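Residue numbers (full-length UniProt numbering): 1 to 273.
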């Protein structure tokens with residue numbers, strides 16, 4: 001299993017070598033992890049700051065753009081897109097979706113595209129000079145290739161998580177929750193997919209996961225809310241449709257029950273970390 005996970009990092013390195021660019025993994029859903037929860041990728045792989053032009057002059061503007069604004073946009077967009085930041089730099093953003101569920105993004109490449117604002121340090125200006133100029137047509141071609149690459153990455157991740165689960169029923173249950181947690185997830189429908197009666201499906205869920213279907217669904221929804229609260233600037237009202245809660249008050253109440261913090265407290269903690 002470890003070798004299969006190592007395959008992901010080798011793949012990213014090979015892609016970087018062939019394409020002559022750096023790739024950053026934004027893992028909102030924490031799927032880039034081994035079955036025991038260990039991160040598959042290093043902190044460097046998950047950070048823009050490996051790029052000298054991103055590291056130089058890094059500040060709140062970088063967090064607002066790359067962490068919040070792009071996460072918000074990637075929730076609803078499934079096609080790769082290019083976006084410039086406040087430093088006058090542009091990257092290709094490749095949303096990571098699987099079965100209609102947004103999981104994160106890949107950032108690929110870094111180009112100079114506009115004049116930077118005054119006040120940035122000399123090391124940024126030097127790093128910027130070493131970057132290629134943005135070519136929209138080349139970026140479109142790169143986007144088409146990265147879209148296929150991202151789809152392959154997500155498929156491999158799905159396979160790895162399926163293999164890490166106890167049996168096929170566990171995989172089907174997890175898959176069902178991921179696909180339907182934002183909408184009308186319910187036990188009768190899960191039972192139909194499993195080919196079981198409702199009572200038997202309820203027993204199987206508790207047997208495999210040690211909790212009821214309702215508890216498992218609530219956990220999935222809270223985790224999804226946690227990702228969006230921590231990684232975007234969406235309001236609670238805007239987050240509700242992505243998580244399956246009835247309204248922002250319901251979200252807040254359940255979120256505090258599970259995390260011990262209100263959404264506001266959690267967001268403040270994430271911003272300061």
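Glycine included, every Cβ here is placed at the ideal spot set by N, Cα and C. All values reported here derive from a predicted model rather than from experimental measurement.
Cβ-Cβ separation, residue j to residue i (assumed contact under 8 Å), whole Å
{"i": "residue 85", "j": "residue 66", "result": "7 Å"}
{"i": "residue 220", "j": "residue 177", "result": "5 Å"}
{"i": "residue 132", "j": "residue 111", "result": "6 Å"}
{"i": "residue 204", "j": "residue 194", "result": "7 Å"}
{"i": "residue 9", "j": "residue 40", "result": "7 Å"}
{"i": "residue 244", "j": "residue 182", "result": "5 Å"}
{"i": "residue 248", "j": "residue 240", "result": "6 Å"}
Assigned secondary structure, residue i (DSSP; H/G/I helix, E/B strand, else coil)
{"i": "residue 34", "result": "coil"}
{"i": "residue 41", "result": "coil"}
{"i": "residue 243", "result": "helix"}
{"i": "residue 58", "result": "coil"}
{"i": "residue 82", "result": "strand"}
{"i": "residue 235", "result": "coil"}
{"i": "residue 252", "result": "helix"}
{"i": "residue 262", "result": "coil"}
{"i": "residue 119", "result": "coil"}
{"i": "residue 143", "result": "helix"}
{"i": "residue 20", "result": "coil"}
{"i": "residue 47", "result": "coil"}
{"i": "residue 152", "result": "helix"}
Same chain, Cβ closer than 7 Å to residue i, neighbours up to 5 away in sequence not counted
{"i": "residue 70", "result": "83, 93 and 105"}
{"i": "residue 232", "result": "68, 71 and 72"}
{"i": "residue 276", "result": "Outside the shown range of the chain (1 to 273) lies residue 276, about which nothing can therefore be said."}
{"i": "residue 109", "result": "21, 91, 92 and 142"}
{"i": "residue 201", "result": "187, 190, 191 and 194"}
{"i": "residue 139", "result": "82 and 92"}
{"i": "residue 149", "result": "15"}
{"i": "residue 234", "result": "72 and 228"}
Boundaries (first-last residue) of the alpha helix (DSSP H) holding residue i
{"i": "residue 222", "result": "213–231"}
{"i": "residue 95", "result": "No alpha helix (DSSP H) holds residue 95; the beta strand (DSSP E) holding it covers 89–98."}
{"i": "residue 188", "result": "187–194"}
{"i": "residue 168", "result": "168–180"}
{"i": "residue 202", "result": "198–209"}
{"i": "residue 75", "result": "70–76"}
Residue i: first and last residue of the uninterrupted beta strand (DSSP E) it sits in
{"i": "residue 112", "result": "101–112"}
Residues that DSSP places opposite residue i in a beta bridge
{"i": "residue 26", "result": "105"}
{"i": "residue 133", "result": "112"}
Residue-chain proximity (residue i, chain D), Cβ-Cβ < 8 Å
{"i": "residue 224", "result": "No chain D is part of this structure, which consists of one protein chain only."}
Cut-off 6 Å between Cβ atoms - residues of its own chain near residue i, not counting five sequence neighbours on either side
{"i": "residue 256", "result": "262"}
{"i": "residue 24", "result": "48 and 107"}
{"i": "residue 101", "result": "178"}
{"i": "residue 31", "result": "103 and 157"}
{"i": "residue 44", "result": "50"}
{"i": "residue 61", "result": "86"}
{"i": "residue 26", "result": "104 and 105"}
{"i": "residue 56", "result": "121, 123, 124 and 127"}
Contacts around residue i, its chain only, beta-carbon distance under 8 Å, and the 5 residues preceding and following it disregarded
{"i": "residue 79", "result": "95, 143 and 147"}
{"i": "residue 230", "result": "266, 267 and 270"}
{"i": "residue 11", "result": "153"}
{"i": "residue 5", "result": "34, 40 and 160"}
{"i": "residue 259", "result": "222, 226 and 266"}
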